[in-house]
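There are 2 protein chains.
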Amino acid sequence: MRGELEEVTMNRQIKNFSLKPGAGALIQQGNGKRLRGSLAQQLAVQILTGELPEGHLFPGEIEYAEQIGISRSALREAFRTLSAKGLVDSRPKAGTRVSLRRQWSLLDPDLLAWQFEAEPSLKFLHDLFELRMIVEPNAAELAAERRTEEQVQAMHDALEAMAHHGLATEAGRLADQQFHMVMLEASRNDAVIALASSIMAAIAWTTIYKQRKRELPRDPIPDHRALFDAVAASDPRAAHAAMAELIRLALIDTEISLQPD
Amino acid sequence: MRGELEEVTMNRQIKNFSLKPGAGALIQQGNGKRLRGSLAQQLAVQILTGELPEGHLFPGEIEYAEQIGISRSALREAFRTLSAKGLVDSRPKAGTRVSLRRQWSLLDPDLLAWQFEAEPSLKFLHDLFELRMIVEPNAAELAAERRTEEQVQAMHDALEAMAHHGLATEAGRLADQQFHMVMLEASRNDAVIALASSIMAAIAWTTIYKQRKRELPRDPIPDHRALFDAVAASDPRAAHAAMAELIRLALIDTEISLQPD
DNA sequence: ATACAGTATATTGTAGGACTTTATCGCAAA
DNA sequence: TTTGCGATAAAGTCCTACAATATACTGTAT
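Read top to bottom, the protein sequences are chains A and B.
Those letters in the first sequence? Residues 26 to 286, by the numbering used here.
Those letters in the second sequence? Residues 26 to 286, by the numbering used here.
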């Protein structure tokens, strides 16, 4: 990425003496991110991977903050973020502990993104695409019934841009997302939009990595065009089928991109 | 502008006079809840209802905290909670503002609960049940294919308890939730479980109010039994149909319970 | 006049310390 | 065994100061 080298002035980072490995590893701050955000992400990943098991009790805030070399305020704000996503639960006297798996908001956009950054488990990937296979074809069905002419036009334009640039370019990927977003909006269902868009956004992140391993495994345009035609023609059944096929192929691509070389 | 009284000593709680709703209404703390939690909930509701529109810029933290009579730390932690749910976005120098609707995590369990506490819009209610109608019958289908004998037994027990106590009692409602939870788990899909359980939990909250207006509008046991039979018999198609019927009826009940008298 | 670079400044971000509230745990009494 | 109460540990709230950062402005060169 971009070389943010120099970094001479940093004084806080210097406390990088390594302490007991099992306990609290020091936080490594991502380039542009806030401190609490980096910590939240790291802890979230550790929780999701099971490294911090359900029910795990964190040290007291004062002690823990000291361990990882961060202020109590920042630590607490990171905990609030995790708490809002159902990952941890804090109570006076009882302390802060990892919540039961059942209470995790697995479909939260941030959690999805973080999970994909850290190589998600194949099981979860499978579950996610199974859910997509349930939701998105039905969303396409709704879109075929409810789309406006303006939305058809917008999807058409996005499809053209996508065909022109290809998915290897930034502009092409943007057009792809635009295409799917407009289709979602055509469903006129806020709940469906919220669900599908957060999943799509997470998967889109992997698209970038996809390009590294296999160079354009296939042409995605025909499938998109079939979907577009069905929606434009207000044919719900065809839209359903086209979207299902699209997801099936996306699963294959994603599996390939996540396989170890 | 703001009623900045003498501030004699602490006695923060006593300032519960209601003032102009638009500006900085004082926070009214729910009984058991934490201060930041109450604030987060109030702001969330105001955002979801559009009282605080997309893009709305909050006052600076120091000033705002003073306005509503709360410390800056607590205010910031409330903002972190809202930020984690995609409702607000904070940047240095730019301030904190309400995010675009597109980024709200509408299916977040807390947001759902808060929305149902404050009478959700009929549009969103409709959207939500449309999504349920898409997801849960398919989840039941998966459950019918994958359930274990232990799960069948557990569902059976829950169904018996439900029939015994009735939905008017706490025990009965608990058995109902237990029944649905076991069925979800039988689907063996974490993504589906996370989605359906959070929606169900929110709806369950309204079940309590349901009982106030109409006294047991109908007997829910037969429908549940039909669903159970289908899953026990490993009949996916029947399970799908039974769950769809169950949701259809649940929508009717919920609409009734939310109608003004 | 326009574009660009550098600087000023408002606002969030982080730090650290003091005090309050809450709920758990242990002990004693019934 | 159960109930009540008190000690206490931990999160919750408050406060103040300072650092980092992105916006806005300002001046200079093109």
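Just so it is clear, CB atoms sit at the ideal spot from N, CA and C, and this is done for glycine as well.
- Following the DSSP letters along the chain, one finds Arg157 of chain B inside the alpha helix (DSSP H) bounded by residues Leu147 to Arg171.
- Taking C-beta separations shorter than 8 Å and ignoring five residues to either side along the sequence, the partners of His181 of chain A in its chain run Phe253 and Ala257, following chain order.
- Scanning its chain for C-beta atoms nearer than 8 Å, with the 5 sequence neighbours on each side dropped, one finds around Leu100 of chain B the residues Arg61, Leu64, Glu86, Tyr89, Ala90 and Ile93, in chain order.
- Against chain B, the CB of Ile159 of chain A has a partner CB under 8 Å away; the residue lies at that interface.
- The beta carbon of Ala168 of chain A sits closer than 6 Å to those of Met208, Ala211, Ser212 and Val256, all from its chain and outside the five residues before and after it, given in chain order.
- Distance from Arg116 of chain A to His81 of chain A at the Cβ level is roughly 15 Å; contact not present, criterion being Cβ atoms closer than 8 Å.
- If one requires a minimum length of 3 residues, no beta strand (DSSP E) run lies completely within the stretch 246-271 of chain A.
- Cα atoms of Ala138 of chain A and His205 of chain A: separation of roughly 18 Å, rounded to the nearest angstrom.
- Nearest in C-alpha terms to Asp201 of chain B, of all of B:Ala219, B:Asn214, B:Ala216 and B:Ala226, is B:Ala226.
- Under DSSP, Ser115 of chain A shares a beta bridge with A:Thr121.
- Using a Cβ-Cβ distance cut-off of 8 Å, the stretch 154-169 of chain A and the stretch 157-165 of chain B are in contact, since at least three pairs of beta carbons, one from each stretch, lie closer than that value.
- Of all residues in the stretch 127-150 of chain A, the ones placed with a Cβ closer than 9 Å to any Cβ belonging to chain B are Arg127, Gln128, Trp129, Ser130, Leu131, Leu132, Asp133, Pro134, Asp135, Lys148 and Phe149, in chain order.
- Counting the other CB atoms within 10 Å of its CB gives Arg172 of chain B a total of 16 or more, which places it among the buried residues.
- In this structure, DSSP gives Leu82 of chain A an extended state, which the three-state scheme calls strand.
- About 7 Å separates the Cβ atoms of Pro134 of chain A and Ser130 of chain B, confirming a contact at the 8 Å cut-off.
- Using a CB distance below 7 Å, the part of the stretch 84-105 of chain B facing chain A consists of Ser98, Arg101, Glu102 and Arg105, ordered along the chain.
- For chain B, none of the residues of the stretch 247-273 of chain A brings a beta carbon within less than 7 Å of one of its beta carbons.
- Gln128 of chain B and Ile218 of chain A have their alpha carbons spaced roughly 10 Å apart.
- Judged by DSSP in its simplified three-state form, Asp133 of chain A adopts coil rather than helix or strand.
- The criterion of a C-beta distance shorter than 8 Å is not satisfied by Leu132 of chain B and Ala69 of chain B.
- Take the alpha-carbon of Ala103 of chain A and the one of Arg59 of chain B: they are about 17 Å apart.
- When secondary structure is reduced to three states using DSSP, Glu185 of chain B falls in the helix class.
- Contact between Asp248 of chain A and Leu271 of chain A is confirmed by a C-beta separation of about 5 Å, below the 8 Å threshold.
- When the five nearest sequence neighbours on each side are left out, the beta carbons in the same chain lying within less than 8 Å of the beta carbon of Ile52 of chain B are those of Leu60, Ser63, Leu64, Gln67, Ile93, Gly94 and Ile95, in order along the chain.
- The C-beta of Ala264 of chain B has 16 or more other C-beta atoms within 10 Å across all chains shown, which makes the residue buried.
- For Gln128 of chain B, no alpha helix (DSSP H) encloses it, and the DSSP letter there is neither H nor E.
- Residues of chain B whose Cβ lies closer than 7 Å to the Cβ of Lys110 of chain A are, in chain order, Ala109.
- In the displayed model, Leu209 of chain B falls within a helix according to three-state DSSP.
- CA-CA distance, Ala143 of chain A to Ser223 of chain B, rounds to 25 Å.
- Ranking B:Pro261, B:Leu192 and B:Leu73 by CA distance to the CA of Ser124 of chain B puts B:Leu73 first.
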